[in-house]
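**Student:** Once you've had a glance at the structure underneath, I'll fire off some questions.
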Amino acid sequence: MAEVIIFGLMALPALAGGVTVVLARNPVYGAMGLLGSMLALGVLYVAQLAHFIAAIHVVVYAGAVMTLFLFVIMLIGVDRADDQNERLPRQRQLVILGVLGIVATAFAVAFSGRFSWVIAATGERIPQATNGTTVALARVLFSDWVLAFEATALLLTIGSAGAIALASRRGKPVDLPIDPEVTS
Amino acid sequence: MDWIDFLIVVLRVVVVFALLLLVTIINVWAERKVVADFQNRIGPERAGPFGMLQTVADGLKLFFKESIIPARSEVGMFLLAPFLAVIPAFLIFLNIPFGRPITIGDRVIPLQGMDVDVGLLIVLAMSSMAVYAVVIAGWSSGSKYPLLGGVRATAQAISYEAAMGLAMVAVVLFSATQAADAPGGTLSLAELVERQSGTWAGIIPRWNLIPQIVAFVIFFIAAIAETNRAPFDLVEAEQELVGGYFTEYSGMRFAMFFLAEYINIFSMSALTATLFLGGWNGPTWDGVLPVWLSALLPFVWFMIKTYVLVFIFFWIRATLPRLRYDQLMALGWKRLIPGALGWLMLTAVVLGYRRFGLPWS
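So, in structure tokens, the structure goes:
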């Protein structure tokens, strides 16, 4: 029961945050909406007894990634109006078609009978309360999935090294127009 | 979980809340006195004995001041920012154990706001949330100095959080080998404190400070940077940015930023004491002293250790000049992060050698 209440209390801000991201004219409000949505999701993870995932979710996404987003938004300048031009041909029709497709798929799955609405983390579904704790997660991560874990770490290292290599490649020096006020 | 348990949880949270407010009143006064001593001044002395009520008077004054909302501000975010500053500040200290668990009847009451098995990660998450207050306050003020302060805060927080986290990892790794009965690491702050009890060779306390001295130095520097204190207070550099991110705030809204800053100083000192100085560990002379005194002593040890670190915060503020921006970035990225990484590798290799021996043997 408590889980349903928490879900109700947290699903609403999560959805509201998502809607804010889409609708907000000002990118900073959009970023804050995304932040609120992420925090609400973090609480939902706690309700599912996944404490470690919840904490990491907040540290990585809400803490680091969103801070970088805000940093970039502020450096670029928040007052600049978004261009409202729609680049793709027939953009609106395609979006409506896509949304209809998703809704149709959801209905198809819901009524196919292979899907149950409520998977409660109560009663016999959890063998022990250590499910999803740090210890349980670490045991799985470093025994059964150690190769996948190491491969992911290697992939991330390659990604960041590649980004640095691309960013630091020196091209021809660009002839910047000289500002007479600065040089004089 | 009957109603008494529920009441105990509520009581623990209220106690933490009251403790933080009380400690803030003392800390603001203590900083003014300590810095005044360093600068050969007298400091506040009129309100109450030794001027101790100065903070109360200042708080009352701020309470009655007008809260100005600038015309060009983004009102919603402008009003939200002070709350974003205060909430993470309280949530950080909620995780820190400030005394030995008390046994009353058959109930064991941990002296801690909440004991979760990922306590350390929650502290890290909340300290990374604190930067939003600065950024949002700086941006929503609609003025250039706060905006510059906000941008600086973002860059600084990202840089120093990494070093702080890496220093924490080394400590967690080390303490994984310190448990006698249950091998394996832990992220629970209560458990981390338990593992620092006892002594080496009879006299040296088993604090993480001694084997993890490098991690301690890196962690404490990063903690000062996280709380935006001197010499890392570029965010609110008076000479360049008027007041930094809170330039446009006044009255109670300013007071909330002020409160959050002092709570953060105390929380970071308490966290450092918990991770490196053994938390509430210390001699309690159980059986010799009366029971209530033995129960109180761990809290006293905890406060003494924390206040030594708080004093170092004030000391550094009174002694060191502010870093230049490029020096700040160089220290974070070129010294602290590689240093923390190197120390982490060294810790891992030494612990691995002690547990498994040489790889080829």
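Chains A and B are the protein sequences, given in the same order. The opening residue of the first sequence carries number 1 in this note's numbering; numbering runs sequentially from there. The opening residue of the second sequence carries number 1001 in this note's numbering; numbering runs sequentially from there. Yeah, the Cβ is synthetic: ideal placement off N, Cα and C, and Gly gets one too.
Is the region 1196-1215 of chain B in contact with the region 1312-1321 of chain B, if contact means three or more CB pairs nearer than 8 Å?
**Tutor:** Judged by Cβ distances under 8 Å, the region 1196-1215 of chain B makes no contact with the region 1312-1321 of chain B, as fewer than three pairs qualify.
**Student:** Please compile the residues from chain A whose C-beta is within a distance smaller than 8 Å of the C-beta of M1129 (chain B).
**Tutor:** By Cβ distance, chain A contributes V58, A62 and G63.
**Student:** Check whether chain B comes within 8 Å of F111 (chain A), counting only Cβ atoms and requiring the distance to be less than that.
**Tutor:** It does not; no Cβ of chain B falls within 8 Å.
**Student:** Nearest by alpha-carbon distance to F1266 (chain B): which of B:L1241, B:T1186, B:I1312 and B:A1237 is it?
**Tutor:** Ranking B:L1241, B:T1186, B:I1312 and B:A1237 by Cα distance to F1266 (chain B) puts B:I1312 first.
**Student:** For N1228 (chain B), which residues from the same chain have a beta carbon less than 6 Å from its beta carbon, with the 5 sequence-adjacent residues on both sides left out?
**Tutor:** Only V1235 meet the Cβ criterion.
**Student:** To which residues of the same chain is N1095 (chain B) closer than 6 Å at the C-beta, ignoring the five residues directly before and after it?
**Tutor:** Correct list, in chain order: G1119, I1122, V1123 and L1189.
**Student:** Which term fits I102 (chain A), buried or exposed, when burial requires 16 or more other beta carbons within 10 angstroms of its beta carbon?
**Tutor:** By the neighbour-count rule (16 or more Cβ atoms within 10 Å), I102 (chain A) is not buried but exposed.
**Student:** Just how far apart, CA to CA, sit R1354 (chain B) and G1279 (chain B)?
**Tutor:** Their backbone Cα atoms lie some 26 Å apart in a straight line.
**Student:** Using the beta-carbon of each residue, which ones in chain B are nearer than 9 Å to T157 (chain A)?
**Tutor:** Result: empty, since nearest Cβ-Cβ is about 13 Å, beyond 9 Å.
**Student:** By alpha-carbon positions, which one of B:V1010, B:M1168, B:E1238 and B:A1237 ends up nearest to A1215 (chain B)?
**Tutor:** Per the Cα distances, B:M1168.
**Student:** Which residue from A:L68, A:Q48 and A:G18 puts its Cα closest to that of I1158 (chain B)?
**Tutor:** Ranking A:L68, A:Q48 and A:G18 by Cα distance to I1158 (chain B) puts A:L68 first.
**Student:** Measuring alpha carbon to alpha carbon, tell me which residue in B:L1060, B:Y1262 and B:D1058 is nearest P1088 (chain B).
**Tutor:** Ranking B:L1060, B:Y1262 and B:D1058 by Cα distance to P1088 (chain B) puts B:Y1262 first.
**Student:** Can you give me the C-alpha to C-alpha distance between V1075 (chain B) and T1347 (chain B), rounded to a whole angstrom?
**Tutor:** Those two C-alpha atoms are separated by around 49 Å.
**Student:** Check whether the region 1241-1260 of chain B touches the region 1168-1177 of chain B, taking contact to mean three or more Cβ pairs, one atom from each stretch, closer than 8 Å.
**Tutor:** The region 1241-1260 of chain B, when compared against the region 1168-1177 of chain B, does not touch it at the 8 Å Cβ threshold.
**Student:** At least one CB of chain B closer than 8 Å to the CB of T105 (chain A): is that the case?
**Tutor:** Output row for T105 (chain A): interface = no.
**Student:** Applying a beta-carbon distance threshold of less than 9 Å, which residues of chain B neighbour F52 (chain A)?
**Tutor:** Under the 9 Å cutoff, chain B gives D1117, V1118, L1121 and L1187.
**Student:** Helix, strand or coil for G1357 (chain B), going by three-state DSSP, please let me know.
**Tutor:** In this structure, G1357 (chain B) counts as coil in the three-state DSSP scheme.
**Student:** Which residue wins for smallest C-alpha separation from M1268 (chain B), given the options B:F1232, B:N1281 and B:E1226?
**Tutor:** Out of B:F1232, B:N1281 and B:E1226, B:E1226 has the C-alpha closest to the C-alpha of M1268 (chain B).
**Student:** How would you write the range of the alpha helix (DSSP H) that I1316 (chain B) sits in, first residue to last?
**Tutor:** Per DSSP, I1316 (chain B) belongs to the alpha helix (DSSP H) from V1291 to T1319.
**Student:** Spell out a yes or no on whether the region 58-66 of chain A and the region 147-161 of chain A are touching, meaning 3 or more CB-CB pairs, one atom from each, closer than 8 Å.
**Tutor:** Not touching, per the Cβ criterion.
**Student:** By a C-beta neighbour count over all protein chains shown, 10 Å radius and 16 as the cutoff for buried, is F1098 (chain B) buried or exposed?
**Tutor:** The residue in question, F1098 (chain B), is buried, as its Cβ has 16 or more Cβ neighbours within 10 Å.
**Student:** Examine chain B for any beta-carbon lying closer than 8 Å to the beta-carbon of V95 (chain A), and answer yes or no.
**Tutor:** With 8 Å as the cut-off, V95 (chain A) does not count as an interface residue toward chain B.
**Student:** Name the chain A residues whose beta carbon is nearer than 7 Å to that of L1124 (chain B)?
**Tutor:** Neighbours of L1124 (chain B) on chain A, chain order: V59.
**Student:** Along chain A, in chain order, which residues have C-beta atoms closer than 9 Å to that of L1192 (chain B)?
**Tutor:** The contacting residues do not exist; L1192 (chain B) stays about 13 Å from chain A at best.
**Student:** Among A:Q48, A:G17 and A:P27, which has the Cα closest to the Cα of L35 (chain A)?
**Tutor:** Residue A:G17 is the option with its Cα nearest to L35 (chain A).
**Student:** Let me make sure I understand the geometry here. Which of B:G1149, B:E1066, B:I1042 and B:F1257 has the alpha-carbon closest to that of A1081 (chain B)?
**Tutor:** Comparing Cα positions, the closest option is B:F1257.
**Student:** Which residue from B:G1185, B:F1219 and B:S1127 puts its Cα closest to that of L1309 (chain B)?
**Tutor:** Here the closest residue by C-alpha is B:F1219.
**Student:** Report yes if the CB atom of L44 (chain A) is closer than 8 Å to the CB atom of M10 (chain A), and no otherwise.
**Tutor:** Cβ atoms of L44 (chain A) and M10 (chain A): closer than 8 Å.
**Student:** For chain B, check one thing: does any of its Cβ atoms lie closer than 8 Å to the Cβ of M10 (chain A)?
**Tutor:** It does not; no Cβ of chain B falls within 8 Å.
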